[in-house]
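Quick notes on the structure that follows.
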Amino acid sequence: MTDLFSNFSMTIDGRSVASAATLDIINPANEEVVAKAPDCSREQLDQAVAAARKAFPAWRATPLDERRRLVAKIGEVLAQHAEDFARLFTLEQGRPLRGARLEVDFAAFWCGAVAKLEIPVEVNEDSELRRSETRHIPLGVVAGIVPWNFPVNLAVWKIAPALLTGNTMVLKPSPFTPLTMLKLGELMQDHLPAGVFNVVSGGDQLGPWLSSHPGIDKISFTGSTPTGKRVMQTAAENLKPVTLELGGNDAAIVLPDVELDKVADKLFGASFANSGQLCVAIKRMYVHEDVYDKVADAMVTRARASKVGDGLEQGSNFGPIQNRPQFEKVKDLIRDARENGLKFLVGGDVPAGGKGFFVPLAIVDNPPEDSRVVQEEAFGPVLPLIKFSDIDEVIERANASEYGLGGSVWSADTHKAIEIASRLETGTIWVNETQYIMPWTPFAGHKLSGFGVENGREGLLEFTSPQTITVAK
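The structure is reproduced here in structure tokens:
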């Protein structure tokens with residue numbers, strides 16, 4: 043790794059800033075400290091917000107084409123340093139290098155694609171008496187709060203549209219995975235005007251400081267539902283608009299006519315990608331009783347053939363759980379399943395001792411609907427396979443969750459699958475695939491899965507406020 047990716051500082055007002063206190067960043071594969079990250083003080087956060095406020099008028103007035111160029115430049119910088127970013131990603135997040143590199147590459151593509159999106163001007167009336175049009179103007183200073191499971195992609199989801207629409211930003215990565223975004227902030231100092239893009243890192247106190255800060259005009263948060271509720275409560279004090287992309291308990295419905303030879307790999311990947319640490323992973327797989335055994339065999343065969351290990355080791359398909367608190371939650375869910383007599387088709391044992399937060403891929407055989415492993419979001423490599431026989435009943439069971447982020451339907455009959463998909467109470471439903479999310483596609487949660495929209499035209503406009511100008515002729 044180059045020296046460029048060895049020392050880490052915050053970016054405040056276009057400068058690298060250290061802190062008196064630091065955070066130990068732990069490699070989840072071996073529990074060793076890989077780096078020390080700054081632990082932002084209250085005073086330093088005030089400085090970052092003040093810098094963003096100071097930079098806002100000039101950035102807002104910057105021609106849109108220039109903002110497009112600079113947003114695309116973020117992607118170019120990521121691509122230029124992709125190998126270093128990928129290795130850094132694996133060290134702090136745990137995902138195997140190939141998956142880390144894919145995320146960095148996709149984030150680079152994302153910046154370029156968002157830079158091409160249009161900010162609409164809508165003509166409401168153009169008559170002999172008057173002309174009325176609605177523009178979408180930036181809000182001011184955006185706080186971006188990013189989780190640890192996709193620390194690059196989910197940061198870019200906020201950075202690119204916020205800056206394109208003329209806002210300035212204070213970005214707070216997760217305290218578990220701050221390194222990639224700290225380094226991106228440093229690298230962008232040479233390209234973005236001072237104060238436009240500030241990156242601060244810190245412990246548990248930093249998020250509430252940021253979301254309650256009177257100098258913040260908008261909060262874009264991705265994370266757990268309980269934390270999202272607290273963010274929304276805090277934002278209400280100053281009527282800050284919020285976008286919340288929260289948890290999910292996505293159901294997949296596999297119909298009896300499914301062409302298993304075509305979709306088995308997709309079903310497996312959608313369930314265990316990133317070791318299940320994915321908001322739109324398949325977390326409940328409802329399989330028609332006629333094909334249940336075949337689907338179960340296909341999933342178990344693939345699980346047994348997969349290697350869970352250090353992401354830097356050759357041949358590792360899946361990495362560790364990213365942090366100890368989540369590791370303990372996943373272990374507790376497995377313990378509960380075992381204590382309640384549930385059967386594991388594969389996995390279900392977490393080796394004691396040793397280093398690293400590793401959980402073998404686990405598949406639970408037809409657990410009852412009210413079991414924790416079905417009702418709760420595991421956010422780890424634990425998948426319940428559940429039999430069904432009646433379509434109406436399985437749709438009701440899928441919709442019974444308090445979450446509504448994503449879902450999927452798997453069938454050789456596309457028309458039938460679409461009809462079922464239209465009855466699912468989630469923001470996104472895929473047919474014969476999952477997790478296809480693009481910069482031009484709106485992504486939103488229902489119920490406790492979120493508030494507001496990310497991506498696409500609707501997501502872009504989340505970073506703006508409508509302003510209608512009416513001119514009498």
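In the working numbering, the protein residues as written are 43 to 515. A virtual CB, placed ideally from N, CA and C, is assigned to each residue, including glycine. Remember, predicted model here, so these are calculated numbers, not experimental data.
Discussion item. I'd like to confirm the pairing. Which residues does DSSP put opposite Gly449 in its beta bridges?
Written reply: Answer is Ala293, Ile471.
Discussion item. Check for me: the beta strand (DSSP E) holding Gly186 runs from which residue to which?
Written reply: Looking at the DSSP string, the run of the beta strand (DSSP E) that includes Gly186 is 183 to 187.
Worksheet item: Asp303: which of Gly383, Arg137, Ser453, Gln275 sits nearest, CA to CA?
Response: Ser453
Fill in: For Leu224, the nearest candidate out of Ile67, Leu490, Asp352, Glu496 (CA to CA)
The shortest Cα separation from Leu224 among Ile67, Leu490, Asp352, Glu496 belongs to Ile67.
Fill in: 3 or more residues per run - each beta strand (DSSP E) lying fully within the region 402 to 463
404 to 407, 424 to 430, 448 to 452
Worksheet item: Between the region 484 to 495 and the region 464 to 474, do three or more beta carbon pairs fall short of 8 Å?
Response: With the rule of 3 Cβ pairs closer than 8 Å, the region 484 to 495 counts as touching the region 464 to 474.
Worksheet item: Is Leu181 near Lys78, with beta carbons less than 7 Å apart?
Response: no
Worksheet item: DSSP three-state call for Lys115: helix, strand or coil?
Response: helix
Discussion item. Let's see if you can read the secondary structure: which residues bound the alpha helix (DSSP H) around Thr132?
Written reply: Thr132: member of the alpha helix (DSSP H) spanning 124 to 135, first to last residue.
Fill in: Minimum C-alpha distance to Pro105 - residue among Pro138, Pro70, Ala62, Leu205
Leu205
Discussion item. Nearest by alpha-carbon distance to Ser83: which of Ile376, Val188, Asn195, Ser61 is it?
Written reply: Ser61
Worksheet item: Which partner residues does Leu213 have in the DSSP bridge list?
Response: Gly186, Val241
Fill in: Helix, strand or coil at Gln509 according to DSSP, with G and I counted as helix
strand
Worksheet item: Do the region 359 to 369 and the region 312 to 326 make contact, defined as three or more Cβ pairs closer than 8 Å?
Response: yes
Discussion item. I'd like to know whether the C-beta atoms of Pro256 and Leu502 end up nearer to each other than 7 Å.
Written reply: Going by C-beta atoms, Pro256 is not nearer than 7 Å to Leu502.
Worksheet entry | Member of Phe310, Met327, Ile324, Lys373 whose CA lies at the smallest distance from the CA of Ser348 | Phe310
Item to complete: Kindly indicate the opening and closing residues of the alpha helix (DSSP H) around Ser313.
Response: 302 to 314
Discussion item. Starting from Lys225, trace the alpha helix (DSSP H) in both directions and tell me its first and last residue.
Written reply: Its alpha helix (DSSP H) spans residues 221 to 230.
Discussion item. Suppose the cutoff is 7 Å on Cβ atoms and the five residues either side in sequence are ignored; what does the same chain contact list for Thr44 look like?
Written reply: Model confidence at Thr44 stands at a pLDDT of 49, short of 50, so the residue's coordinates are unreliable; what they give is reported in the following sentence. Non-local C-beta neighbours of Thr44 in its own chain, meaning closer than 7 Å and more than five positions away in sequence, comprise Asp126, ordered along the chain.
Item to complete: Report yes or no: do three or more beta-carbon pairs, one from the region 143 to 163 and one from the region 366 to 375, lie closer than 8 Å?
Response: Output reads no: the region 366 to 375 does not touch the region 143 to 163.
Discussion item. Looking at the strands, I want to know which residues DSSP matches up with Glu496.
Written reply: Phe485
Worksheet entry | Residues of its chain near Leu65, where Cβ-Cβ distance is below 8 Å and the 5 sequence neighbours each way are ignored | Lys78, Ala79, Pro80, Asp81, Pro217, Pro220, Ser243, Gly244, Gly245
Worksheet item: Are three or more beta carbon pairs between the region 341 to 357 and the region 124 to 143 nearer than 8 Å?
Response: The answer is yes - the region 124 to 143 touches the region 341 to 357, with three or more Cβ pairs under 8 Å.
Worksheet item: Are there three or more Cβ pairs, one per stretch, closer than 8 Å when the region 395 to 408 is compared with the region 170 to 177?
Response: no
Fill in: Which listed residue (Val184, Val406, Thr222, Val300) has its alpha carbon closest to that of Ala92
Val184
Fill in: DSSP-derived helix/strand/coil call for Ser262
strand
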